[in-house]
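Novice:
Residue numbers (the UniProt record's numbering): 1 to 407.
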C-alpha cells in the first residue's frame, strides 16, 4: 500500500473512532495515535506483554484520554469541500499593499499582522474529506518590504484551533523581532519559542493536538535577496530554479529548503535515542487472532505509550513532550535571477505529488492560477487513490521574479 494510502486509512480510522475513543482498543490518525490496553479478561496476552510497562486503571476515564471538544474557530477562511477558496486578502489585485498592524493584538500581546494582497503570490486551500480544514496559509509584505510566507498543518481534534493560533502568533512575533533589529535566524527561533509557550498557556487544547509550521522570511540586503526558512514537522518549502538561459520559468529544478522532521531521519533518530524516546509504529488488534501487531509508520510516543505522533517536531502535542519539540531548523539561501518560484505546501500536496510535478504546474499561469492547479491536482489524486479520505491541501505560491518581490 502506498504512503498516501496508509495515511488516508489512518485518518479514516481516527474519524470513525473519535466519538468512542475511550471504548476502542486503538484510535489513530496519520499524526496522532491513541493506544488503550484492554482491562477485560479476554484481553490477548500478546497485547499486554507488548506494553508491559502500562498499568491501566480499572476506569479508563482516569487516563483522561479524550481531549475536550475543539473550540470554535473564528479566524481564517475554511474551504468548502471540492472547491478552492482564498481569503478576501488573498484575492488577486493589480498592485501590492503592505501589511498593516491594526488595533487587534495576538495572544502574545503583539499587533496582529494582516495579510497582504499582491499579484506576486497566492494561497489556495481545499478542505479534506474528514473534518474542517486544519491548514493555514499566509502571505505578508511588511512596510520595509520584508516578506513573510507560512503554511501550517494542524492535527488532532483541535488541529484547526492550534494552527490558527500558531499562524497569527508566529507572524506577529517574527515581525516584531525583525522590527527591533534582531537577526533573522534569531527572530525565527524566538517566534517559534514564544508561540509554543503562549499555546501551552492558552485555552486552545494542545495536549493531544498540534501543528506543523514552515515560515519563510525574504529580506533585501546589500548582498542581495536572502530567503531564510524555519520549520517544524513535515510541511515543506522549495525553490524552483532555472537550469538554463532563456525563459526564466522554464526548465526549473527543485531546490528543497526543508527536510521532514520524522523519527526515521538520521539527525532526529539520534536526538530521540539520546533522550530515550519511545519510537515504534501503532499497535492494533488483529481481527482474527486477537493479538496486537505493529502497523504503519514509526511514531514518537509519550512515556506512558498512550499517544504517538508521526513526526519528531511540532507546535503543541504537549502529551509527547519533551520528545516532540517546537524548535525549528533554519536554512538560508542567497537568491539570484535563476530563482524563479517559491512553493510552500502542506503534506496533503507532498504525499501525492513529487517536487517536479508541483513545479511543472507552478508555471501554468499566474500564482493564483498555478496554486489552484496544484491544489486541484493533489485533491484529485487523493480522491482517486483513496475516495472519501482526502487530506487538507494548502499551497502558497510566490513568483520571485515579480517586481513586488524585489527591493
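Ideal Cβ placement from N, Cα and C applies to all residues, glycine included.
Skipping 5 residues on each side, what residues in its chain have a beta carbon closer than 8 Å to that of residue 64?
Specialist: Reliability of the predicted coordinates at residue 64 is poor, the pLDDT of 36 falling under 50, and the value obtained from them is presented with this limitation in mind. If we look at residue 64 and ignore the five residues flanking it on each side, it has no Cβ neighbours.
Novice: So residue 152 and residue 135 are supposed to be a Cβ contact under 8 Å. How far apart are they, rounded?
Specialist: Indeed, because the Cβ distance is near 7 Å, the residues count as touching under 8 Å.
Novice: What are the boundary residues of the alpha helix (DSSP H) that residue 261 is part of?
Specialist: Per DSSP, residue 261 belongs to no alpha helix (DSSP H) and is neither H nor E.
Novice: Taking only the alpha-carbon atoms, compute the straight-line gap between residue 306 and residue 158 and give it to the nearest angstrom.
Specialist: Taking the straight line joining both Cα atoms gives about 18 Å.
Novice: Whole-angstrom Cβ separation of residue 409 and residue 128, contact assumed at under 8 Å?
Specialist: For residue 409 there is no data in the structure shown, the boundaries of the chain being 1 and 407.
Novice: For residue 367, collect the residues of the same chain with a Cβ closer than 6 Å to its Cβ; drop the 5 residues on either side in sequence, then sort them by chain order.
Specialist: For residue 367, where only same-chain residues beyond five positions count, the Cβ hits under 6 Å are 121, 122, 397, 399.
Novice: By a C-beta neighbour count over all protein chains shown, 10 Å radius and 16 as the cutoff for buried, is residue 174 buried or exposed?
Specialist: Residue 174 comes out buried.
Novice: Would you kindly work out how many angstroms separate the C-alpha atoms of residue 404 and residue 325, rounded to a whole number?
Specialist: So the alpha carbons of these two residues sit roughly 35 Å apart.
Novice: Counting C-beta neighbours from all protein chains within 10 Å, is the total for residue 394 16 or more, i.e. buried, or is it exposed?
Specialist: Buried, because 16 or more other Cβ atoms sit within 10 Å of the Cβ of residue 394.
Novice: Given that a residue counts as buried once 16 or more other Cβ atoms are within 10 Å of its Cβ, and exposed if not, what is residue 156?
Specialist: When all chains shown are included, residue 156 counts as buried.
Novice: I need the straight-line Cα distance from residue 321 to residue 311, nearest angstrom please.
Specialist: About 12 Å.
Novice: Would a C-beta distance cut-off of 9 Å place residue 214 and residue 237 closer than the cut-off?
Specialist: Against a cut-off of 9 Å, the Cβ pair of residue 237 and residue 214 comes out as a contact.
Novice: With a threshold of 7 Å on Cβ separation, who are the neighbours of residue 104 within its own chain once the five nearest residues in sequence on each side are excluded?
Specialist: If we look at residue 104 and ignore the five residues flanking it on each side, its Cβ neighbours are 112.
Novice: How is the alpha helix (DSSP H) around residue 388 delimited, first residue to last?
Specialist: Looking at the DSSP string, residue 388 is not in any alpha helix (DSSP H), and its letter there is neither H nor E.
Novice: From what residue to what residue does the alpha helix (DSSP H) around residue 292 run?
Specialist: Where residue 292 is concerned, there is no enclosing alpha helix (DSSP H), although the beta strand (DSSP E) it sits in stretches over 292-301.
Novice: Can you find the residues in the same chain that come closer than 8 Å, C-beta to C-beta, to residue 193, ignoring five residues on each side of it along the sequence?
Specialist: Taken in chain order, the residues that qualify are 326, 327.
Novice: Within a Cβ cutoff of 7 Å, which residues of the same chain sit near residue 286, ignoring the five residues on either side of it in sequence?
Specialist: So the list reads 293, once near-sequence residues are dropped.
Novice: On the criterion of 16 or more Cβ atoms from any shown chain inside 10 Å, does residue 223 qualify as buried, or is it exposed?
Specialist: Exposed, since its Cβ has fewer than 16 Cβ neighbours within 10 Å.
Novice: Could you tell me which residues DSSP puts in a beta bridge with residue 327?
Specialist: The partner list for residue 327 (beta bridge, DSSP) is empty, contrary to what the question assumes.
Novice: Relative to the alpha-carbon of residue 200, which residue among 146, 345, 162 has its alpha-carbon at the smallest distance?
Specialist: Of the candidates 146, 345, 162, the one whose C-alpha sits nearest the C-alpha of residue 200 is 162.
Novice: Which stretch, first to last residue, makes up the alpha helix (DSSP H) that contains residue 192?
Specialist: That run of the alpha helix (DSSP H) goes 184-201.
Novice: What are the uninterrupted segments assigned as beta strand (DSSP E) that are 3 or more residues long and contained completely in the segment 127-156, given in chain order?
Specialist: Listed in chain order, the complete beta strand (DSSP E) runs (minimum 3 residues) inside the segment 127-156 are 135-141, 147-155.
Novice: Specify the secondary structure class of residue 233 as computed by DSSP and reduced to three states.
Specialist: Residue state, collapsed to three classes: coil.
Novice: Taking buried to mean at least 16 other C-beta atoms within 10 Å of its own C-beta, is residue 141 buried or exposed?
Specialist: The residue in question, residue 141, is buried, as its Cβ has 16 or more Cβ neighbours within 10 Å.
Novice: What does DSSP give as the partner residues of residue 218 in its beta bridges?
Specialist: Paired residues: 147, 227.
Novice: Could you compute how far the alpha carbon of residue 308 sits from the alpha carbon of residue 284?
Specialist: Approximately 13 Å, taken between the alpha carbons.
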